[in-house]
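Numbering (full-length UniProt numbering), first residue to last: 1 to 545.
Okay, here's the thing in C-alpha cells:
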C-alpha cells in the first residue's frame with residue numbers, strides 16, 4: 001500500500017475516533033490502541049514498524065515541547081515538590097524494583113539490562129488521564145501534577161535507560177553506583193542549561209519578528225534545536241526540550257504579540273493532537289509483530305516464550321501500580337503536613353491533595369509513547385530482547401486499557417470534585433476588575449493622547465472606557481447568574497451579535513457570488529467577520545479549550 005494512502009487512512013481514523021470516543025465516554029488513546037490491534041489482525045495487513053529513533057528523536061521532542069509551552073510555569077513551580085518526587089525518585093525506585101524482580105526471574109539477564117527494562121516501563125503518560133480528568137472535573141492542581149510528572153519523568157527514564165545500557169556495555173565513564181549518579185546529574189544539569197539557553201535565544205529572536213507566521217514557523221524547530229545539541233554532548237535532550245518549552249511558554253506572554261500567541265497555540269495544538277494520537281494508533285498496529293518476534297526468539301531460547309513475556313508484562317504492570325500507591329500515600333501525607341504548617345487553615349492547606357486525590361493520582365499512572373519507543377531502543381545483543389520489548393508493550397497496553405478504562409469509574413466512586421464554577425467565575429471577575437482599573441489609568445489624564453502625541457477626542461475616550469466597563473460587568477453578571485441557561489443581558493447581546501454576523505456572512509457570500517467586488521476586498525471583509533466572531537465565541541466561553 002502506498003505510504004501517502006496509509007497516512008490518509010490513519011488521519012481519517014484518528015479524526016473519526018476523536019469525534020466518536022467522547023460520545024462513547026471513552027478516552028481517545030484507548031480506543032485508538034484497540035483499533036490498531038484489530039487492524040493488525042486483519043489477514044494481509046503488512047507488518048508495521050517505525051524505528052525507535054524516529055519516535056524518540058522525531059516525535060517525542062515536539063510532543064513534549066507542545067505540552068511544556070501550555071503548562072503554566074506558575075503551576076509547575078507550585079507543585080514542583082510533588083512533580084520532582086514522582087518524576088525522578090519514583091522513576092528510579094520503580095526501575096530498580098522491577099529490574100531486580102526481572103533479574104531474579106530471568107537467569108540469563110544481567111542486572112543492568114534488567115534495570116534498563118525497568119527504566120523503560122517506569123515513566124507515565126498523562127494523555128489519557130488528563131483527557132479523562134478534565135472532562136470529569138478533576139482538581140486543576142491534580143491535573144497540573146499529572147502533566148508535570150509526565151513531562152519530566154520521560155527525561156528521568158531515558159537518562160536512566162542510557163546509563164543502564166552503558167553499564168551493560170561497560171562504557172560508563174565512572175564505575176559503580178557513584179558513576180551512575182554522576183552520569184545522571186551531568187545529563188540533567190547540562191540539559192537544563194541547554195534548555196534555558198535555547199529558550200532565551202529563541203524568545204529574543206522571535207520577539208524581533210513582527211509576522212506571526214514567521215514566529216510560529218521558527219517555533220517548529222525549537223524542540224530539535226534544544227534536543228540535538230543536548231544529546232550530542234551527552235545530556236538529556238528530552239529535558240532540554242521541556243525546559244525550553246516551559247521558558248518559552250512563560251516568557252511568551254511578555255514578549256510575543258497576541259496574534260503570535262494565538263497562532264502558536266492553534267498550530268501546536270494541532271501538531272500535538274496528530275502526533276499523540278498517531279503514536280497510540282501505532283502502538284496497536286505494532287503489537288502483533290512484536291508478539292511474533294518474541295515467538296521467534298523464544299524458539300531459540302526456551303527460558304521465556306511469548307506467552308510468558310505477556311504474563312510477566314501483566315505482573316510488571318501490577319507491581320508498578322503497587323509501587324505507585326505505596327509511594328504516593330506518604331508523599332501526599334508529608335505535603336499536607338507541610339501545607340498545614342506553612343498556612344494553617346489557609347488556601348494552601350485547603351488545596352492540598354487528600355486521599356481521594358491520592359487514589360486517582362496513583363491509578364492514573366498509565367504508560368505510553370516513551371515506554372513503547374524506548375523498549376525498541378534496547379541493543380540487539382540484549383538477552384531476551386524481543387521478549388523484553390513485548391513485556392514493555394504489554395505494560396503499556398494493560399495500563400492504558402485497564403487503568404485508563406476504569407479511571408472514570410474510580411473518579412466517580414471517590415466523588416472527587418475539582419473547581420467550584422461559581423467561585424471560579426467570581427475570581428475571574430475580580431481579576432477583570434483589577435485589569436480594568438489598571439487599564440483605565442491610561443484615561444485619567446485631562447487630555448488623553450496617543451503615543452505619537454495626537455490628542456484624543458473625549459467621545460473616543462468615553463467609548464474606550466465604556467468597553468472596559470462592559471467587560472467587567474459581563475464577568476460579574478456571569479459570576480452572579482444562578483441559571484446561565486436563561487442568559488444575562490451581556491450573554492444575550494453576544495448571541496444576538498452572532499446572529500447578526502451570520503446574516504452578514506450570508507450577504508458576503510452572495511456578494512462574492514455576484515462578482516461585484518475584488519477578491520482582495522472580499523478577503524478583508526471575511527477576515528473582519530472571522531475576527532469578531534472568534535472574539536465573541538471566546539468571550540462566551542464556547543471556544544475556550
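Virtual Cβ for every residue (Gly too), placed ideally from N, Cα, C.
- Message: Looking at the secondary structure, which residues open and close the alpha helix (DSSP H) in which residue 135 lies?
- Response: 127-136
- Item | Where residue 6 falls, given that 16 or more other Cβ within 10 Å makes a residue buried | exposed
- Can you tell me which of 143, 380, 189 puts its alpha carbon nearest to the alpha carbon of residue 79? 143
- Query: If you draw a straight line from the C-alpha of residue 485 to the C-alpha of residue 491, how long is it?
  - Reply: Its pLDDT being 45, under 50, residue 485 is placed unreliably by the model, and the measurement read from it follows with that caveat. Using only the alpha carbons, I get a separation of about 10 Å.
- Task: Please report how far the alpha carbon of residue 283 lies from the alpha carbon of residue 520, in whole angstroms.
- Result: 47 Å
- Task: Kindly indicate which three-state DSSP category residue 42 falls into: helix, strand or coil?
- Result: coil
- In the structure shown, what three-state DSSP assignment does residue 92 receive? DSSP places residue 92 in helix when its eight states are reduced to three.
- Query: Considering only C-alpha positions, which residue in the set 204, 164, 404 is nearest to residue 364?
  - Reply: 404
- Query: Grouping DSSP H, G and I as helix and E and B as strand, with all else coil, what is residue 314?
  - Reply: In the structure shown, residue 314 falls within a helical segment according to DSSP collapsed to helix, strand and coil.
- State the start and end residues of the unbroken alpha helix (DSSP H) segment that holds residue 436. 421-440 is the span of the alpha helix (DSSP H), which, as asked, contains residue 436.
- Message: In whole angstroms, give me the CA-to-CA distance for residue 314 and residue 393.
- Response: If I take the Cα positions, the gap works out to 10 Å.
- Rounded straight-line distance, which links the Cα of residue 277 to that of residue 61: 15 Å
- Excluding sequence positions up to five away, which residues of its chain have a Cβ less than 7 Å from the Cβ of residue 468? 436, 439, 440
- Task: Report the option in 273, 138, 309 whose CA atom is closest to the CA atom of residue 421.
- Result: 138
- Task: Go ahead and pull the three-state DSSP assignment for residue 455.
- Result: strand
- Item | residue 124 versus 102, 150, 118, residue with shortest Cα-Cα distance | 150
- Length of the line joining the Cα atoms of residue 408 and residue 512: 49 Å
- Task: Using the Cα positions of residue 23 and residue 534, report the straight-line distance between them to the nearest angstrom.
- Result: 26 Å
- Whose C-beta lies closer than 6 Å to the C-beta of residue 286 among residues of the same chain, with five residues either side of it excluded? 48
- Task: Select from 455, 321, 428, 88 the residue whose C-alpha is nearest the C-alpha of residue 159.
- Result: 88
- Query: alpha helix (DSSP H) containing residue 380: first to last residue?
  - Reply: It is not in any alpha helix (DSSP H) - residue 380 carries neither H nor E in the DSSP assignment.
- Message: Please classify residue 430 as buried or exposed, where buried requires at least 16 neighbouring CB atoms within 10 angstroms.
- Response: exposed
- Task: Measure how close the beta-carbons of residue 52 and residue 377 come, nearest whole angstrom, since I'm counting them as under 8 Å.
- Result: 4 Å
- Just mark residue 185 as buried or exposed, buried being the case when its beta carbon has 16 or more other beta carbons within 10 Å. exposed
- For residue 39, the nearest candidate out of 247, 476, 288 (CA to CA): 288
- Applying the criterion that 16 or more other CB atoms from any shown protein chain within 10 Å of the CB defines a buried residue, is residue 337 buried or exposed? exposed
- Message: Nearest by alpha-carbon distance to residue 222: which of 238, 234, 43 is it?
- Response: Cα-wise, what sits closest to residue 222 is 238.
- Task: Express the C-alpha separation of residue 454 and residue 461 in angstroms, rounding to a whole number.
- Result: Per the coordinates, the alpha-carbon of residue 461 lies some 13 Å from the alpha-carbon of residue 454.
- Item | Contacts around residue 541, its chain only, beta-carbon distance under 6 Å, and the 5 residues preceding and following it disregarded | Only weak support exists for where residue 541 lies, its pLDDT of 48 falling under 50; the value from the coordinates is given anyway. Excluding residues within five positions, none has a Cβ falling inside 6 Å.
- Task: Specify, as a first and last residue, the run of the alpha helix (DSSP H) that residue 230 falls within.
- Result: Here the alpha helix (DSSP H) through residue 230 covers 222-232.
- Query: Which residue comes first and which comes last in the alpha helix (DSSP H) that contains residue 392?
  - Reply: 385-398
- So, helix, strand or coil for residue 98, using DSSP? Three-state result, residue 98: helix.
- Spatial distance of residue 294 from residue 325 (CA atoms): 31 Å
- For residue 209, which residues of its own chain have a beta-carbon under 6 Å away from its beta-carbon, when the five flanking residues on both sides are left out? 215
- Message: Less than 7 Å between the beta carbons of residue 426 and residue 479, yes or no?
- Response: yes
- Query: Roughly how many angstroms lie between the CA atoms of residue 370 and residue 20, to the nearest whole one?
  - Reply: 26 Å
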